[in-house]
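Take a look at the structure below.
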Amino acid sequence: MDDSDAVGTLALVGAGRAGTTIGLALAERGWIVRAVAGRHPGSPSVVQTAAVLDARPTGVDEAAAGVDLVIVATPDVAVAAAARQVGAHADPGTLMIHLAGAFGLDAFDPLRDERRDLRFGALHPLVSIPSVVTGLDRLPGAWCAVSGDPQVHELATQLEMHAFTVADADRARYHGTAAIAANHLVALLAQVQRLADDLGIPFEAFLPLVRSAVENTAALGPRDALTGPVSRGDVRTVQAHLDALPAAERATYRTLAREAARLAGRDDPALDAVLAEPFAGLDGPTAEVPR
Numbered sequence: 011m012d013d014s015d016a017v018g019t020l021a022l023v024g025a026g027r028a029g030t031t032i033g034l035a036l037a038e039r040g041w042i043v044r045a046v047a048g049r050h051p052g053s054p055s056v057v058q059t060a061a062v063l064d065a066r067p068t069g070v071d072e073a074a075a076g077v078d079l080v081i082v083a084t085p086d087v088a089v090a091a092a093a094r095q096v097g098a099h100a101d102p103g104t105l106m107i108h109l110a111g112a113f114g115l116d117a118f119d120p121l122r123d124e125r126r127d128l129r130f131g132a133l134h135p136l137v138s139i140p141s142v143v144t145g146l147d148r149l150p151g152a153w154c155a156v157s158g159d160p161q162v163h164e165l166a167t168q169l170e171m172h173a174f175t176v177a178d179a180d181r182a183r184y185h186g187t188a189a190i191a192a193n194h195l196v197a198l199l200a201q202v203q204r205l206a207d208d209l210g211i212p213f214e215a216f217l218p219l220v221r222s223a224v225e226n227t228a229a230l231g232p233r234d235a236l237t238g239p240v241s242r243g244d245v246r247t248v249q250a251h252l253d254a255l256p257a258a259e260r261a262t263y264r265t266l267a268r269e270a271a272r273l274a275g276r277d278d279p280a281l282d283a284v285l286a287e288p289f290a291g292l293d294g295p296t297a298e299v300p301r
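Sequential numbering of the sequence shown, starting at 11, is according to the numbering used here.
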């Protein structure tokens, strides 16, 4: 593609899945990727990503020369340092963005103090990207947190994503919410898999139940989608669950059952007693539950 036909030119700093996915998605929409930079420009990941994006592998110091947009897609802990290094060589007016969820524009503070002629923004796709191919499929229609320069909203629109803004002061809480939605759910499903394996039941047998619960929550909201013994106040069944579960699995059950009781608006002393954390060493089958 000729530069005159391009939407713009960009450089990617970091060769991970998220950055590669965003870079490819923008390339499909008319952007030209000029450079892919990493700590070691000759590393296999940088060279391979540059080949995928039809760009040149470069060092971080060289990446920003002559481009309109720099995407800093390093691990979160390296964003500020990488941005400062690459931004020191950017042309005036260049838009610098990062893809980190936990940071806002504050990640650019060291660079902004030195380069007030640059523009800054953040774009965090609120979607799991286990691979570049899957990421490209998931971006359109997904949500993303944006902040900073108005062009960041335009980038979200080009990517066919739904944008919302998050203040810098709220970024850690926002990212924590995203971690609960994605990582904690996966950890919970790992518990289901362990228990299913113990029973000799295929893990896959429980996945339609998981999908229907998510679909019901999307359609009805969490409170109206909640089912099960806690929502009904069935204390005896909850106690039977705890008595039957391996000791190592009971704490997670209790914690989430208490959350279910709070969601259901249950004020039930008998249920509260069953779900209370036991004294150390006393987490075994208990006596008769009040009827």
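Even for Gly, the Cβ is constructed at its ideal location relative to N, Cα and C. Here the structure is a predicted model, which is why all the values come from computation and not from measurement.
With a threshold of 8 Å on Cβ separation, who are the neighbours of A177 within its own chain once the five nearest residues in sequence on each side are excluded? Excluding the 5 residues flanking it on each side, A177 has same chain C-beta neighbours closer than 8 Å at G114 and S157, in chain order.
Does G26 come out as helix, strand or coil in the three-state DSSP assignment? coil
Just the C-alpha distance for V313 and E72, rounded to the nearest angstrom, thanks. There is simply no residue 313 to check, as the chain begins at 11 and stops at 301 in what is shown.
Could you pull the start and end residues of the alpha helix (DSSP H) that G186 belongs to? R181 to A189
Where does I211 land, buried or exposed, given buried means 16+ other C-beta within 10 angstroms? exposed
P67 to H134 span [Cα, whole Å]: 24 Å
Given I139 as reference, the closest of E269, T31, G76 and G69 once Cα atoms are compared: T31
Can you say whether A25 is buried or exposed, counting buried as having 16 or more other CB atoms within 10 angstroms of its CB? buried
What's the C-alpha gap between L205 and A47? 45 Å
Considering R221, what are the terminal residues of the alpha helix (DSSP H) in which it resides? Segment L217 to L230, the alpha helix (DSSP H) holding R221.
Can you tell me where the alpha helix (DSSP H) holding P160 begins and where it ends? P160 to Q168
Which term fits A248, buried or exposed, when burial requires 16 or more other beta carbons within 10 angstroms of its beta carbon? This sequence places Val at residue 248; Ala is not what is there. Classification of V248: buried, given that the 10 Å Cβ count is 16 or more.
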